[in-house]
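K.L.:
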Amino acid sequence: MEDLTFISTKLSRIKKELKSEFIGLDEIIDQLIQAVNPWCTMSASQSRPLVINLWGMTGVGKTSLVKRFLELWDREESPVYFNMGSKNYVREMLNSMENMFAHSGKPTVFIFDEFQHAKTMNATSGEIENPVDRMIWQLMDNGKFNYAVSWHDFNELSNISAGLELCLQRGVKVKKGKVVEGWTTFQNITAVDDPRYLLSGDEKDDQDFISKSEIRALYDHYRFQYPFISLFRDYIYQLDGEELVAFVKKIEKRASMSTELDFSKAIIFVIGNLDEAYRMSDIVSSDCDPDLLYEESKKITFSTIKEALKERFRLEEIGRLGNIHLIYPSLNSQVYRDFIQSELKELSQRFALTFGCELHFSKSVETLLFEEGVTPTQGFRPLRSSIRYILESSLVELLQNIPNESRDKIFVDSKGDELNLYRNDNFIANKLLHLPVREAKRRKLNPQDMAVTAVHEAGHALVYSVLCRKFPKMVTIASSDFNTGGYMEGETFANYENYDQLIRSVAIKLAGKKAEEHVFGRERITRGCQTDLLRATRQLVFVSREGSLTGIDRAYESKFHGDGTLLEEKLINQEWVEDQLEKASQLADMLIIDNQSVLKNMIAILLERKFVRSDSLQEALELAGVDTSVFLESYPKLFDYHSKLSDFLTS
């Protein structure tokens, strides 16, 4: 057994190195090192594989963290990697089985990436069968399973054995792996069944009884005995004819039987994206607030992951994944800003090697890259791509046209849509940048679109503020999204939901439509209300099925046709949904009418500023003469369960 102090020190050093390389993942790295510690310390004595699951949205550093840990661990265990998102992953896994013989019985590392694609349950809760399903789950259970070669491989061995035996029967003589008599007979027999025996001149001179390609085929089934094919070949060349045929038959017999592979000493990393847990992951807007998304993702718990897994896997399979689940949050604004600074530092080092210059970047460059590159649900990848496209390519172009003597220290700044270079405070070069996000926003800054969007988003913001008793996190009327004019982000009411909260939530969704009706007239509302109506209706439909808030003491499951299409809702559910939509609509309408002056001020603020956060919205309303404390407290508070319980217990 290795020195435990050495292993502990090494893991501590790896943890420190990982935290310096992976921004914003300190907590995940702590959990990872704790999870792998038993395997690193005493894998040789474990009786079952150690399974570690890593779940998160795309681009947050799941696979790269695992691979980097293994690089730093730097032991003899080479990882066996499978991409479960590959269309050919079944074939790849089966093909790799032969190469895994060498790992059997030893500490081994398996990585199952994109594991969400290995689902065994479809949308209708029916089972999906894949040829390797049983092998995967058996591997995760006790690490042992039986493996037999494919029919094609076994047939190849049978042909080799039968052909060699026939040659001996026809008088071919073999000494130490070479045909010493009957070479023509040997060629005539083998070339009929296998064109590989139309040999090259060198191979004819060798007169091998077993060709080099056949030796490779035989070695695939005997590699556990010989670590190198050269040793196996040397053994072949020691045998005479009868001995060779007997040896080939021995391999053929062994291949006809299944072999138990033992990976009980393995560590298995299961890596995937679970949309069922990270329900915000389908938002691909660059307008989305990373901090709000981060707070939402922090609410994802162990139980959330287990429930999400039930949508894709059988219960016994979920059990085999174990209880070690590393849950990645989304990345907040500070992490993105730290990442930008890290990338700029690395970029400066690369340019110093290529151009011999020392680059310094202004805060405005960092802000520009944040605006153009951050899509919160997609992690670092889009941001890294934007840095390369916007900044790196522009700097290469500009520096190529600057004399060497003027490249010593260069300050990089951005103003408007231009990238400007300075040396000793003197301007030396600039370039007009192509900024896709800004351009998308500008295209929507026409009077017609802005009028509709300002009214719509002001409606959402007003009703949200009154019903939640706080201003929304942010509101914009200049979205970069193709299908969205504006955007409002708020917070959920609580970790639970009662009927009052449900109606408030639906009213907020309908408020944009009601504001348009109030300002432009019902006959002139826009199709932008469609998404709000769909989201509101869908929320109520799901509640109507499960029954807890409907006042109806029964619940209904979602039912599907064979093609996966939802059946129509029951009439009682439809009527309940329609009643609640009407109630929420009336609530939103009432609040907009009662607070018409605030609505006007909100619209004016949005038209002027295009984008506001909660503090700046409150400040602007107060400057306009709105008593925000009265405004925010103009509707009854949410029910206080804690106070009610205290009253009950003391009464």
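For the sequence shown, full-length UniProt numbering gives the first residue as 1, with consecutive numbering after it. By construction, the Cβ of each residue, glycine as well, lies at the ideal position given by its N, Cα and C atoms. The structure presented is a predicted model; accordingly, all values stated were derived computationally and were not measured.
1) Flag this pair as yes or no: are the beta carbons of residue 63 and residue 271 separated by less than 8 Å?
2) Since residue 390 and residue 435 should fall inside the 8 Å C-beta cutoff, what is the C-beta to C-beta distance between them, to a whole number of angstroms?
3) Between the alpha carbons of residue 652 and residue 27, how many angstroms are there, rounded?
4) With a floor of 3 residues, list each beta strand (DSSP E) that falls wholly inside the region 590 to 649, ordered by position along the chain.
5) Within the region 382 to 428, note down every full beta strand (DSSP E) run reaching 3 residues or more, in order along the chain.
6) Of the residues 75, 458, 446, 638, which one's Cα is nearest the Cα of residue 501?
7) Tell me whether residue 189 sits in a helix, a strand or coil according to DSSP, three-state version.
8) DSSP state of residue 502, grouped into three classes?
9) Can you give me the C-alpha to C-alpha distance between residue 443 and residue 623, rounded to a whole angstrom?
10) Report back the beta-carbon spacing between residue 536 and residue 460 to the nearest angstrom; my notes put them in contact at under 8 Å.
11) Might you give, ordered along the chain, the residues of its own chain that have their beta carbon closer than 7 Å to the beta carbon of residue 532, omitting 5 neighbours on each side?
12) For residue 452, which residues in the same chain have their Cβ closer than 6 Å to its Cβ, ignoring the five residues on either side in sequence?
13) In chain order, what residues of the same chain have a beta carbon less than 6 Å from the beta carbon of residue 141, not counting five sequence neighbours either side?
14) Taking a contact to mean a Cβ-Cβ separation below 8 Å, would you say residue 650 touches residue 379 in this structure?
15) Helix, strand or coil: how does DSSP classify residue 226 here?
16) For residue 631, which residues from the same chain have a beta carbon less than 8 Å from its beta carbon, with the 5 sequence-adjacent residues on both sides left out?
17) Once you ignore the five residues that flank residue 248 on each side, which residues in its own chain have a CB closer than 8 Å to its CB?
18) Residue range of the beta strand (DSSP E) that residue 83 falls in?
19) Could you please give the first and the last residue of the uninterrupted alpha helix (DSSP H) stretch that includes residue 9?
20) Judging by CA-CA distance, which residue of 278, 288, 222, 15 is the nearest neighbour of residue 259?
21) Mark residue 246 as exposed unless 16 or more other C-beta atoms lie within 10 angstroms of its C-beta, in which case mark it buried.
22) Please check the pair residue 377 and residue 280, which I expect to be a contact at CB under 8 Å, by giving their CB distance rounded to whole angstroms.
23) Which residues does DSSP pair with residue 155 in a beta bridge?
24) Please state the DSSP three-state secondary structure of residue 53.
25) Could you name the residues that DSSP lists as bridge partners for residue 272?
26) Ends of the alpha helix (DSSP H) at residue 41?
P.N.:
So, from the data block:
1) Yes, the pair counts as a contact, with Cβ atoms nearer than the cut-off.
2) In this structure residue 390 touches residue 435 by the C-beta definition: roughly 7 Å separates them, less than 8 Å.
3) What the structure shows of the chain is the stretch from 1 to 651, and residue 652 is not part of that stretch, so it cannot be assessed.
4) 611 to 613
5) Annotation: the region 382 to 428 contains the following complete segments of the beta strand (DSSP E) (minimum length 3 residues), in chain order: 409 to 415, 418 to 423.
6) 638
7) helix
8) helix
9) 30 Å
10) Contact doesn't hold; Cβ gap of about 12 Å is too wide.
11) 509, 510, 512, 513
12) 526
13) 320
14) no
15) coil
16) 465, 466, 595, 598, 621
17) 157, 160, 161, 164, 210, 218
18) Per DSSP, residue 83 belongs to the beta strand (DSSP E) from 79 to 83.
19) 4 to 21
20) 222
21) exposed
22) 6 Å
23) BP columns for residue 155 are empty, so no partner.
24) strand
25) 55
26) 26 to 42
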